[in-house]
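Participant:
In our numbering, the protein residues as written are 2 to 97.
1. So within the segment 18 to 82, which uninterrupted beta strand (DSSP E) runs reach at least 3 residues, ignoring any that extend past its ends?
2. How big is the Cα-Cα spacing for residue 84 and residue 66?
3. Within 10 angstroms of its Cβ, does residue 46 collect 16 or more other Cβ (buried), or is it exposed?
4. Please list, in chain order, all residues of the same chain as residue 75 whose beta carbon is under 8 Å from its beta carbon, the five residues on each side excluded.
5. Just the C-alpha distance for residue 87 and residue 44, rounded to the nearest angstrom, thanks.
6. Does the distance from the CB of residue 50 to the CB of residue 10 come in under 8 Å?
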């Protein structure tokens, strides 16, 4: 099992783009969104947490299969972080 990338969430929120960070999904919440199911994630790196993460819809099959669940540890191979509503950061995990 990979260890968490401690402190990486603060780095991402402050504009950094660390390569393939490892984080834990503490909780997942289903968000109704038209025809596509969306998932909001509470992520932790062992030091910091963020509730402003969304899972890319193309990863929904991994949720359905049980590969992505509450408390699982993931490596984010591809992700983006955008600024919305004045400073809130929203990260979208595109590849796990």
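Ideal Cβ positions, reconstructed from N, Cα and C, are used throughout, including at glycine.
Facilitator: Taking the definition as stated:
1. 23 to 32, 39 to 45, 50 to 56, 74 to 76
2. Sequence index remark: in the chain shown, residue 84 carries index 83 (1-based). Sequence index remark: in the chain shown, residue 66 carries index 65 (1-based). About 31 Å.
3. As a working note, residue 46 is residue 45 in the chain shown. Buried, since its Cβ has 16 or more Cβ neighbours within 10 Å.
4. Here residue 75 is taken as the residue at index 74 of the chain shown, counted from 1. Taken in chain order, the residues that qualify are 23, 24, 25, 26, 69, 94, 97.
5. For the purposes of this step, residue 87 is taken as the residue at position 86 of the chain shown. For the purposes of this step, residue 44 is taken as the residue at position 43 of the chain shown. Whole-angstrom Cα-Cα distance: 21 Å.
6. Along the chain shown, read from residue 1 onward, the residue named residue 50 stands at position 49. Along the chain shown, read from residue 1 onward, the residue named residue 10 stands at position 9. Going by C-beta atoms, residue 50 is nearer than 8 Å to residue 10.
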